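Trainee:
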Amino acid sequence: MRHRQGVLWGEDFAQRISTERFVVHSGFHTVLNLQADPAKPLLSLVTCLEAMGPNALLVTGGPGLETFEIASALSFEANSLRVGPLSIDCSQVKRPSLISRSDGQKRGVQRRVRKWVEAQAPGLTSVRSHLTNQLAEGLLTEDEDLVRSALAGFIGQGMGLTPSGDDFVAGVLLAYVKGFQLQDLQNTFISRLPVLVEEVWWRTTGVSQTMLWYAARGAGANYLAEMAEALYQESGLALEIAARLWKIGASSGRHLLAGVLLGNELFNTREGSKISLQEKIIVRSNTYADSVTLMVLSQKLQQLDGVSVAMVGMGTPLNLDLLQGLKFEAVEGGVNDLIIAIRAASIETLEKALSKADELLNKGGKKASEDNKVPIKSLGQALERQDSNLVLISVPGVYAAREAGKALKENLNVMLFSDSVSLEDEVMLKKIAHEKGLLLMGPDCGTAIINGVPLAFANSVRRGGIGVVGASGTGTQEVTVQIDRMGEGLSQVIGTGGRDLKEAVGGIMMLDGIELLKQDPATKVILVVSKPAAPAVADKVFQALQECGKPAVLYVIGAKGIKGSEKVHLAKNLLEASQIAVELSGGSPIGKVSIDHGLVHQTVQALKPQQKYVRGLFSGGTLCDETMEVLTEKIGLIYSNGPLNPLGQLENPNKSVKNTILDLGDDFFTVGRPHPMIDSSLRVQRLEQEAKDQEVALILLDIVLGYGSNMDPASDIIPAIVKARQIAAETQREIVFVAYVCGSPNDPQGYEKQTQQFRNAGVLMFKSNVEAAEFSAAVLGQIKGGDK
576 MRHRQGVLWG
586 EDFAQRISTE
596 RFVVHSGFHT
606 VLNLQADPAK
616 PLLSLVTCLE
626 AMGPNALLVT
636 GGPGLETFEI
646 ASALSFEANS
656 LRVGPLSIDC
666 SQVKRPSLIS
676 RSDGQKRGVQ
686 RRVRKWVEAQ
696 APGLTSVRSH
706 LTNQLAEGLL
716 TEDEDLVRSA
726 LAGFIGQGMG
736 LTPSGDDFVA
746 GVLLAYVKGF
756 QLQDLQNTFI
766 SRLPVLVEEV
776 WWRTTGVSQT
786 MLWYAARGAG
796 ANYLAEMAEA
806 LYQESGLALE
816 IAARLWKIGA
826 SSGRHLLAGV
836 LLGNELFNTR
846 EGSKISLQEK
856 IIVRSNTYAD
866 SVTLMVLSQK
876 LQQLDGVSVA
886 MVGMGTPLNL
896 DLLQGLKFEA
906 VEGGVNDLII
916 AIRAASIETL
926 EKALSKADEL
936 LNKGGKKASE
946 DNKVPIKSLG
956 QALERQDSNL
966 VLISVPGVYA
976 AREAGKALKE
986 NLNVMLFSDS
996 VSLEDEVMLK
1006 KIAHEKGLLL
1016 MGPDCGTAII
1026 NGVPLAFANS
1036 VRRGGIGVVG
1046 ASGTGTQEVT
1056 VQIDRMGEGL
1066 SQVIGTGGRD
1076 LKEAVGGIMM
1086 LDGIELLKQD
1096 PATKVILVVS
1106 KPAAPAVADK
1116 VFQALQECGK
1126 PAVLYVIGAK
1136 GIKGSEKVHL
1146 AKNLLEASQI
1156 AVELSGGSPI
1166 GKVSIDHGLV
1176 HQTVQALKPQ
1186 QKYVRGLFSG
1196 GTLCDETMEV
1206 LTEKIGLIYS
1216 NGPLNPLGQL
1226 ENPNKSVKNT
1236 ILDLGDDFFT
1246 VGRPHPMIDS
1256 SLRVQRLEQE
1266 AKDQEVALIL
1276 LDIVLGYGSN
1286 MDPASDIIPA
1296 IVKARQIAAE
1306 TQREIVFVAY
1316 VCGSPNDPQG
1326 YEKQTQQFRN
1336 AGVLMFKSNV
1346 EAAEFSAAVL
1356 GQIKGGDK
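Under this note's numbering, the residues of the sequence shown are numbered 576 to 1363, in order.
The following block contains the structure:
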């Protein structure tokens, strides 16, 4: 065993070495690189102080580091690090300060360093290539596309462990970001630089990726960090460090130096023309507006000339954290307080933006008055409308139960759109509603059509003789649009909220809904759909249908053990449930699900050997569940934020693993932000994230149309699909996109128009959610992407 002494270690090294398992990545005379997760930067053992950085441990005692066998395991315990025959004692190790030593301020240092470099290599700091100009312009104008394009041109160009292009980019980024750090300037664009680098760094080596990872965060080896700081401090040490840099490698040092000088110059240029930003935060107590209104308002304010940041939202913990992340001063606000935060180029611009916010916030009520519609802002105002017997409640969850209770007390039926209502409150409210003979649809009830009037997320469907009770939002939408497309219509569509068939609730509203449809003369057939249910409650629902005296159809996701009868027909999926209901009402259902095996084979042929997994990005919870049910049966365990099998629970819903199907409409993703059927931003972001995973073969999407939904989802999602394809193409991959549009021909978005736009973008389109899932399962089955 050979023994060494650990002297200094960087902050990242100290943090990661005891929490992650490392192996040898590569080794050289003065450095041994260690790797844990391939997606994370390397750690390094170094024997040269100048090579010290946040990811390094400086060791002493003996000759250079041996090159160990690749993948050799490391162990770290009791302050001792061991790898092969090498043991490093870390009991006395210290953390270094990477702040440059001060020798007093000497003006003109930046000019003298540039002059010295020019004398060594004429033109190195003055000759600008197209890519250099592109990178400079992108940084100064904060244009992500320009920066990304320039980085893609530089990174990977050259030879060796850190190609010349990488050295130059690392120098530029470190020096530019370091300028912000030294002056404690916060900038959203700067925080995005690491992401831009990671999008294109597949072109280069692991060692170089680590260098770029730190550089984009304003960090790096001692010599690089000290050079950048010395320039900004006008320290005479800058000349000394420049001379040391010049001697590193065949070309690395000079390209690093050229990059640092350019980054320093760009920051100084920016500082010379920098506008002093003004900001203001207004908290309006007990003022509520829904998340959709506030999302649109924020977007409009952000588009104003001179406004750099605008956020209007309720004072939820998520939004307060977001404000802190945007570096606004801390404010005190609650979930029923409206917060307006704006950062602008001048006081005049700031005041104009605040006035615009007031104008837009008041516009809704004024427009309603102009249209002879009275805006209802409280339950008291609603009660004054004596011709109304149903109230739709959408307030923060903490207040929703109280408002629903008031409405029930006044003998009003309730559609409770709000989520985050406790299970105890739900049971209490539904018992009250049941005793009074009223409906309590919800909480988290997204879809209903009462007497032909669509409520919340509902589609434009024809009237008819099929009545629906749904403990699922998009499941209800799916059966109603399928029925409409088959030429039949709906009498009533009653929502219950997704938890109604849980054991604690007992199906109170589901059973009341069935009774109402039983008594309704316009209803000839009853169709019940539900998310996964407690077996005992599912049995109660089946028995109620059995005794209702009307033909009935039942589909409960994941239901086992229930057998159909002559009166109650069990369906295997939402499409089949719709088909059976249409047939029972005397209509002509469309044919059964069929798989185009030729298309399956063609799809498989387009994939690389490593591509074997599916990712589903769903806005509809029931459509997500139905997809998981199909895939689980065909390929095995499916991971999700709401899995059918508890073994598939994602540790972190923000990171997919293997075959992952996500419900982006789940509370985890929607607290403080609009539902993904309205706001596509989360799905757009996730599309790019999933495209970077080289094992992804298919990406599944649902596009839900209807009242309340995004008026043009194709315009948001198709550009993201194009971007995802570009990301995949950078590693010579092709991702197959599979989608289904849940909508009717009369929906305001235009069902045929939306479907055709996705088809024109190369997306494989299907006529039902289950068909898209079955096709995906067939593809995955052929490439063996499952866990069976």
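Glycine is no exception: its CB is placed at the ideal position from the N, C-alpha and C atoms.
In this text, all values refer to a predicted model and were calculated from it rather than measured experimentally.
What is the rounded straight-line gap between the Cα of H1172 and the Cα of N911?
Mentor: Position 597 of the sequence shown holds residue 1172. Position 336 of the sequence shown holds residue 911. Using only the alpha carbons, I get a separation of about 54 Å.
Trainee: Less than 7 Å between the CB of F992 and some heavy atom of the ligand NAP, yes or no?
Mentor: The model depicted lacks the ligand NAP and carries no ligand whatsoever.
Trainee: To the nearest angstrom, how far is it from the Cα of S1327 to the Cα of I730?
Mentor: By one-based count along the sequence shown, residue 1327 stands at place 752. By one-based count along the sequence shown, residue 730 stands at place 155. Sequence check: residue 1327 is Glu here, not Ser. So the alpha carbons of these two residues sit roughly 43 Å apart.
Trainee: Looking at the strands, I want to know which residues DSSP matches up with Q1185.
Mentor: The residue labelled residue 1185 in the question sits at position 610 within the sequence shown. The partner list for Q1185 (beta bridge, DSSP) is empty, contrary to what the question assumes.
Trainee: Using a Cβ-Cβ cut-off of 8 Å (strictly less than) and excluding sequence neighbours within five positions of A1272, which residues of its own chain qualify?
Mentor: The residue labelled residue 1272 in the question sits at position 697 within the sequence shown. So the list reads L1182, Q1186, K1187, Y1188, V1189, I1310, V1311, V1354, L1355, I1358 and G1360, once near-sequence residues are dropped.
Trainee: When you compare each of Q667, S650 and I1025 to P660 by their alpha carbons, which one comes out closest?
Mentor: For this step, residue 660 is matched to residue 85 along the sequence shown. Taking only the C-alpha atoms, the option nearest P660 is S650.
Trainee: Out of V882, D896 and I914, which one is the CA nearest neighbour of L925?
Mentor: Here residue 925 is taken as the residue at index 350 of the sequence shown, counted from 1. Closest by alpha carbon: V882.
Trainee: Below 6 Å CB to CB, which residues in the same chain sit around L895 once its five sequence neighbours on both sides are set aside?
Mentor: Start at 1 with the first residue of the sequence shown, and residue 895 comes out as number 320. If we look at L895 and ignore the five residues flanking it on each side, it has no Cβ neighbours.
Trainee: Where does K1364 land, buried or exposed, given buried means 16+ other C-beta within 10 angstroms?
Mentor: The chain is shown only over 576 to 1363; residue 1364 falls outside these bounds and no answer can be derived.
Trainee: DSSP state of I1358, grouped into three classes?
Mentor: The residue labelled residue 1358 in the question sits at position 783 within the sequence shown. Correct three-state label for I1358: helix.
Trainee: When burial is assigned at 16 or more other CB atoms within 10 Å of the CB, is E1346 buried or exposed?
Mentor: Position 771 of the sequence shown, counting from 1, holds the residue named residue 1346. Answer is buried; the Cβ neighbour count reaches 16.
Trainee: Note down the Cα distance separating E904 from L760, rounded to an integer number of angstroms.
Mentor: For this step, residue 904 is matched to residue 329 along the sequence shown. For this step, residue 760 is matched to residue 185 along the sequence shown. C-alpha separation (whole angstroms): 14 Å.
Trainee: Counting only the same chain and skipping the five closest in sequence on each side, list residues whose C-beta sits under 6 Å from that of N797.
Mentor: Here residue 797 refers to the residue found at position 222 when the sequence shown is read from its first residue. Within the same chain, N797 has close Cβ partners E625 and M627.
Trainee: Given that a residue counts as buried once 16 or more other Cβ atoms are within 10 Å of its Cβ, and exposed if not, what is D1087?
Mentor: Sequence index remark: in the sequence shown, residue 1087 carries index 512 (1-based). Buried, since its Cβ has 16 or more Cβ neighbours within 10 Å.
Trainee: Measure the beta-carbon distance from L876 to K931 and round it to whole angstroms, keeping in mind my assumption that it falls under 8 Å.
Mentor: As a position in the sequence shown, residue 876 is number 301, starting the count at 1. As a position in the sequence shown, residue 931 is number 356, starting the count at 1. Going by Cβ atoms, the distance from L876 to K931 rounds to 6 Å, so yes, they are a contact pair.
Trainee: Could you tell me the distance, in whole angstroms, from the CA atom of V747 to the CA atom of K615?
Mentor: Working through the sequence shown from its first residue, we reach residue 747 at position 172. Working through the sequence shown from its first residue, we reach residue 615 at position 40. C-alpha of V747 to C-alpha of K615: approximately 22 Å in a straight line.
Trainee: Count the other CB atoms, across all protein chains shown, that sit within 10 Å of the CB of M1016; report buried if there are 16 or more and exposed otherwise.
Mentor: To locate residue 1016, count along the sequence shown from 1; it is residue 441. Looking at its Cβ environment, which holds 16 or more other Cβ atoms inside 10 Å, M1016 is buried.
Trainee: According to DSSP, H1144 sits in a beta bridge with which residue or residues?
Mentor: Numbered from 1 along the sequence shown, position 569 holds the residue referred to as residue 1144. In DSSP, H1144 forms a bridge with V1128.
Trainee: Would the stretch 1150 to 1163 count as touching the stretch 1035 to 1042 if we require 3 or more Cβ pairs under 8 Å?
Mentor: yes
Trainee: Let me know if N1148 comes out buried or exposed under the rule of 16 or more other beta-carbons within 10 Å of its beta-carbon.
Mentor: Indexing the sequence shown from 1 puts residue 1148 at position 573. That one is buried.
Trainee: Mind checking whether I645 and L656 have CB atoms under 8 Å apart?
Mentor: Taking the sequence shown and counting its residues from 1, one reaches residue 645 at position 70. Taking the sequence shown and counting its residues from 1, one reaches residue 656 at position 81. Annotated as distal: I645 and L656, with beta-carbon spacing of 8 Å or more.
Trainee: On the criterion of 16 or more Cβ atoms from any shown chain inside 10 Å, does H578 qualify as buried, or is it exposed?
Mentor: Counting from 1 along the sequence shown, the entry for residue 578 is found at position 3. Classification of H578: exposed, given that the 10 Å Cβ count is below 16.
Trainee: Where does S810 sit, in a helix, a strand or coil, going by DSSP?
Mentor: In the sequence shown, counting from the first residue as 1, residue 810 sits at position 235. Note: S810 maps to strand in three-state DSSP.
Trainee: Please report the distance separating the alpha-carbon of V884 from that of A916.
Mentor: Taking the sequence shown and counting its residues from 1, one reaches residue 884 at position 309. Taking the sequence shown and counting its residues from 1, one reaches residue 916 at position 341. So the alpha carbons of these two residues sit roughly 8 Å apart.
Trainee: Using a Cβ-Cβ distance cut-off of 8 Å, determine whether T1306 contacts chain B.
Mentor: The structure shown contains no chain B; it is built from a single protein chain.
Trainee: Below 8 Å on the Cβ atoms is my contact criterion, and I expect S1035 with D1242 to pass it. Report the Cβ-Cβ distance as a whole number of Å.
Mentor: Translated into positions along the sequence shown, residue 1035 becomes position 460. Translated into positions along the sequence shown, residue 1242 becomes position 667. Actually they are not in contact, since the Cβ atoms of S1035 and D1242 sit about 28 Å apart, beyond 8 Å.
Trainee: So, at 6 Å on beta carbons, what are the nonlocal neighbours of Q590 in its own chain, with the 5 sequence-adjacent residues on each side left out?
Mentor: Counting from 1 along the sequence shown, the entry for residue 590 is found at position 15. Spatial neighbours of Q590 in its own chain (CB-CB distance under 6 Å, excluding positions within 5 residues in sequence) are not present.
Trainee: How many Å lie between S733 and G740 at the Cα?
Mentor: For the purposes of this step, residue 733 is identified with residue 158 of the sequence shown, where counting begins at 1. For the purposes of this step, residue 740 is identified with residue 165 of the sequence shown, where counting begins at 1. Reading off the sequence shown, one finds Gly at residue 733, where the question assumed Ser. Using only the alpha carbons, I get a separation of about 6 Å.
Trainee: Just to confirm, is the Cβ distance from P1107 to G1133 under 8 Å?
Mentor: Along the sequence shown, one-based indexing puts residue 1107 at 532. Along the sequence shown, one-based indexing puts residue 1133 at 558. Cβ atoms of P1107 and G1133: closer than 8 Å.
Trainee: Taking only the alpha-carbon atoms, compute the straight-line gap between F1350 and S1169 and give it to the nearest angstrom.
Mentor: By one-based count along the sequence shown, residue 1350 stands at place 775. By one-based count along the sequence shown, residue 1169 stands at place 594. Rounded to the nearest angstrom, the two C-alpha atoms are 9 Å apart.
Trainee: Helix, strand or coil, according to DSSP, for F1312 in the structure here?
Mentor: Start at 1 with the first residue of the sequence shown, and residue 1312 comes out as number 737. Reduced to three states, the DSSP call for F1312 is strand.
Trainee: What would DSSP say about K1093, mapped onto helix, strand or coil?
Mentor: The residue you call residue 1093 lines up with position 518 of the sequence shown. DSSP places K1093 in the helix class (H, G or I) of the three-state scheme.
Trainee: Within a Cβ cutoff of 7 Å, which residues of the same chain sit near E1078, ignoring the five residues on either side of it in sequence?
Mentor: For the purposes of this step, residue 1078 is taken as residue 503 along the sequence shown, with counting starting at 1. Only A1109, A1111 and V1112 meet the Cβ criterion.
Trainee: If you draw a straight line from the alpha carbon of L1129 to that of L1092, how long is it in whole angstroms?
Mentor: As a position in the sequence shown, residue 1129 is number 554, starting the count at 1. As a position in the sequence shown, residue 1092 is number 517, starting the count at 1. Spanning the two alpha carbons is a distance of roughly 14 Å.
Trainee: Have a look at F1117 and V1143 and give me their C-alpha separation to the nearest angstrom.
Mentor: For this step, residue 1117 is matched to residue 542 along the sequence shown. For this step, residue 1143 is matched to residue 568 along the sequence shown. Between F1117 and V1143, the C-alpha separation is close to 7 Å.
Trainee: From this set, E907, D1059, N654 and D1200, which residue's C-alpha is nearest G1217's C-alpha?
Mentor: Taking the first residue of the sequence shown as 1, we reach residue 1217 at position 642. Per the Cα distances, D1200.
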